[in-house]
Every structure is written in C-alpha cells, then in structure tokens.
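A.B. asks: Just dropping this structure here.
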Amino acid sequence: MTDATPTIFDDEVRPFLFDDVASGLARPEFTILLGQMGAGKSRAVAQLRETQAGRALVLRSEDLAPFTAGPEAATQIRKWMAAALAHAKKQRVSVVIEDSFRSAADVLSALDTFAKDGYKARVVAVAVSRAESLLAAYSRESRRNPDQAVADHSLVRSVETDMAVMDMVLTGLSEDTDIVLISADGRDYRVNSVREAVLGTRRIRDAPLSSRRAAAWISELRRLTGDGRSRSAALMELHRVALADVIPHLPLPANSAARAQLEARLRRGMSELERSEPLAYPEVPRPTR
C-alpha cells in the first residue's frame, strides 16, 4: 500500500460508497449476493439495497477500480473493501456484497462475524443454468471490449468456480441464516432450510430452457460467432453447450431437416474454431473451502 492510499480511501472512496446510506441502525442487515458471472446478480442489487432497515451500502470491487491502477490495484481494492466493511460495522450500516468469491470459508466467516455483531445475516443466491450464465458472461465481455477478443479460458473458469463456491457456501450455512433464491426470470423463492436451498438451486439450474429462451440463446450465439473477432475456448464451449443443452429444447423435431442443419452448422463452427487456434481446455481449478 502506498502512503497515499489511506488518503484516497478517506477523501474519495469512503464518500463515494457512503454518500446516501442509512447509518446508526439498531438491526442492520448483512447480505451476500451469490451467483456465477453472467447470472444477472446486478439486476438484484437495486432491490436488495432498499432493505427494511434502510438504504444499504453496496460493495463491488469493480466499482472501486476507477480509484486505482497498476499492478497493485487488486491489492488496494481488497484493502479498501476491508476498510469499507469495518467502517460500515462501526456506523451500523446495512451492507450488500456483490462480488466474485473464490473462498467459501471467507464468505461463511464474514456472515458469522457480522451476525455476532448484531447484524441480520442473509444470503441471496441467483440460480441460473450454466448455459445461460456462460452465454451472458461472454456477451457482456464482448460488449465491454468491442475491439478485442474475449479472454478464453478465464471466463469459463470464472463461471464454474463461482458456481462451485456458491454450492459450498449454501451447504455450509447455519440454519438460522435467512436464505433467498432468485431464478433467471427474477422470481424470489424464500427457503426454510439449508437442504431446501441446495436442492432448490440444483432444481432451478437443471430446469430445461423454454423454447423461447432456447431460441434466443441460439440467436445470441450466432451473433457472437459472426462478429469475426472471437476465437476462444469460451466460444468453443458455447458451441458444445448449444449442441448438448440448448438445441434439445428448441421447437424442432429430433429428425427434422431444420434441426439437422442447425447441428451441422454448429459443428462446422467448432471445426473452424479449432483450425483458427489451438484450443487446449484446462481443468477448472478447485475453489477453496
């Protein structure tokens, strides 16, 4: 940390984060929002910020990126996140954390620590299928960086690691934690036990796509494939997902000419991707407990 970092936090970061939050709450809420990249967590933030206890602090590491740069940026952001949590606790401010977590133990520890300090601990888990979140994450990165190809292996690893961490957190929660599941269509499901949360997440993730959502998924993949920039392992994986998990839910008979043509086009696209660059597909590293 540089000498200027405390001043940046006090003079810029803290006013930015705490400008319009409610403080001095008798029973503030501490909410962790779980879900993989591309699950649509950001859509839930606005609703979660208006808690019963008052307007909450929303903590996202990406919101702090404009305040720093360089090789030490990630380290500084982590320290600012910790400082913001300490300040929130001191001021009795409700907190919503929306971020990517690589350690289930860190999430569970934070929930336990705030609960012991008189906070109402809550977990909101956005349950979305791997197919939909991977496509959404790829599409978002493509829009963010329109002049360059999307990073390949890191995107797939991030989606799958986020899903694994979410499962570990749900399994490790205490029974007195308030748990809410949110599905891809935005519906809320309040669950009454950890087991119900785990099984509910699995059920929502594994539910087949509707015909309409499957058609929209294929249309978006076609757009992304045709942009001429993206030649990555993530795009290759999307083609695999299309063949295995999406096409079966299109309103096309299994033996129809239209379905056969679509499957053939996807396989040709995979062959073109394989020729454009070597696509070694590494194992996803295990998240830590």
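So the sequence shown is residues 1078 to 1366, counted in the working numbering.
Every residue gets a Cβ at the ideal spot worked out from N, C-alpha and C, and that includes glycine.
Pick out whichever of 1277, 1334 and 1298 has its Cα sitting closest to the Cα of residue 1319.
C.D. replies: Considering only alpha carbons, the answer is 1298.
A.B. asks: What separation, rounded to the nearest whole angstrom, lies between the Cα atoms of residue 1339 and residue 1315?
C.D. replies: In a straight line, the C-alpha of residue 1339 is about 14 Å away from that of residue 1315.
A.B. asks: Return the chain-ordered ranges of every beta strand (DSSP E) run that is complete within the stretch 1102-1127 and spans a minimum of 3 residues.
C.D. replies: The stretch 1102-1127 contains these whole beta strand (DSSP E) runs: 1106-1111.
A.B. asks: Should residue 1351 go down as buried or exposed, given a rule of 16 or more other Cβ atoms within 10 Å for buried?
C.D. replies: By the neighbour-count rule (16 or more Cβ atoms within 10 Å), residue 1351 is not buried but exposed.
A.B. asks: Pull the bridge partners of residue 1175 from the DSSP assignment, please.
C.D. replies: Answer is 1110, bridged to residue 1175.
A.B. asks: By the three-class DSSP mapping on this structure, what secondary structure does residue 1264 have?
C.D. replies: It is coil, neither helix nor strand.
A.B. asks: Whose C-beta lies closer than 8 Å to the C-beta of residue 1287 among residues of the same chain, with five residues either side of it excluded?
C.D. replies: Excluding positions up to five away in sequence, the list reads 1326.
A.B. asks: So residue 1242 packs on residue 1179, CB below 8 Å; how close in whole Å?
C.D. replies: Contact flag correct, Cβ pair sits at about 7 Å.
A.B. asks: Extract the residue ranges of the beta strand (DSSP E) inside the stretch 1263-1326, only unbroken runs of 3 or more that lie entirely within it.
C.D. replies: 1265-1268, all fully within the stretch 1263-1326.
A.B. asks: Buried or exposed: which applies to residue 1118, given that a residue is buried once 16 or more other Cβ atoms fall within 10 Å of its Cβ?
C.D. replies: Residue 1118 comes out buried.
A.B. asks: Tell me whether residue 1337 sits in a helix, a strand or coil according to DSSP, three-state version.
C.D. replies: In this structure, residue 1337 counts as helix in the three-state DSSP scheme.
A.B. asks: Hey, residue 1133 and residue 1126 are a contact pair by Cβ (cut 8 Å); roughly how many whole angstroms apart?
C.D. replies: The pair is a contact, with the Cβ atoms about 5 Å apart (cut-off 8 Å).
A.B. asks: Take residue 1192 and list the residues in its own chain whose beta-carbon comes closer than 6 Å to its own, dropping the five residues that flank it on each side.
C.D. replies: Answer for residue 1192: 1198, listed in chain order.
A.B. asks: Can you name the start and end residues of the alpha helix (DSSP H) that residue 1184 belongs to?
C.D. replies: It spans 1181-1193 - the alpha helix (DSSP H) in which residue 1184 sits, taken as one unbroken run.
A.B. asks: Quickly, what does DSSP pair residue 1200 with across the bridge? List them, please.
C.D. replies: Beta-bridge pairing links residue 1200 to 1109 and 1256.
A.B. asks: Go through its chain and collect everything with a Cβ distance to residue 1205's Cβ below 6 Å, but skip five positions before and after it.
C.D. replies: The answer, listed in chain order, is 1116 and 1261.
A.B. asks: Would you tell me roughly how many angstroms separate the C-alpha atoms of residue 1093 and residue 1085, rounded to the nearest one?
C.D. replies: For residue 1093 and residue 1085, the distance between alpha carbons rounds to 11 Å.
A.B. asks: Looking at the secondary structure, which residues open and close the alpha helix (DSSP H) in which residue 1094 lies?
C.D. replies: From DSSP, the alpha helix (DSSP H) with residue 1094 extends over 1091-1095.
A.B. asks: Here's the rule: buried if 16 or more other CB atoms are within 10 angstroms of the residue's CB, otherwise exposed. What is residue 1238?
C.D. replies: The residue in question, residue 1238, is buried, as its Cβ has 16 or more Cβ neighbours within 10 Å.
A.B. asks: Rounded to whole angstroms, what is the Cα-Cα separation between residue 1089 and residue 1172?
C.D. replies: Cα-Cα distance, rounded: 19 Å.
A.B. asks: Helix, strand or coil for residue 1147, going by three-state DSSP, please let me know.
C.D. replies: The answer is coil: DSSP assigns residue 1147 none of H, G, I, E or B.
A.B. asks: How many Å lie between residue 1211 and residue 1259 at the Cα?
C.D. replies: So the alpha carbons of these two residues sit roughly 17 Å apart.
A.B. asks: So residue 1121 packs on residue 1201, CB below 8 Å; how close in whole Å?
C.D. replies: Confirmed, Cβ separation roughly 6 Å.
A.B. asks: Between residue 1100 and the rest of its own chain, which residues show a CB-CB distance below 7 Å, the 5 nearest in sequence each way excluded?
C.D. replies: 1168, 1169 and 1170, listed in sequence order.
A.B. asks: Beta-carbon separation of residue 1236 and residue 1175 under 8 Å?
C.D. replies: Contact flag unset, no.
A.B. asks: I'd like the span of the alpha helix (DSSP H) that includes residue 1212, first residue to last.
C.D. replies: Element bounds for residue 1212: 1207-1221.
A.B. asks: Just reading off the alpha helix (DSSP H) that residue 1138 is part of, what are its end residues?
C.D. replies: Per DSSP, residue 1138 belongs to the alpha helix (DSSP H) from 1138-1141.
A.B. asks: Suppose contacts are defined by Cβ-Cβ distances below 8 Å. Is residue 1246 in contact with residue 1185 by that definition?
C.D. replies: Cβ distance < 8 Å, so residue 1246 and residue 1185 count as in contact.
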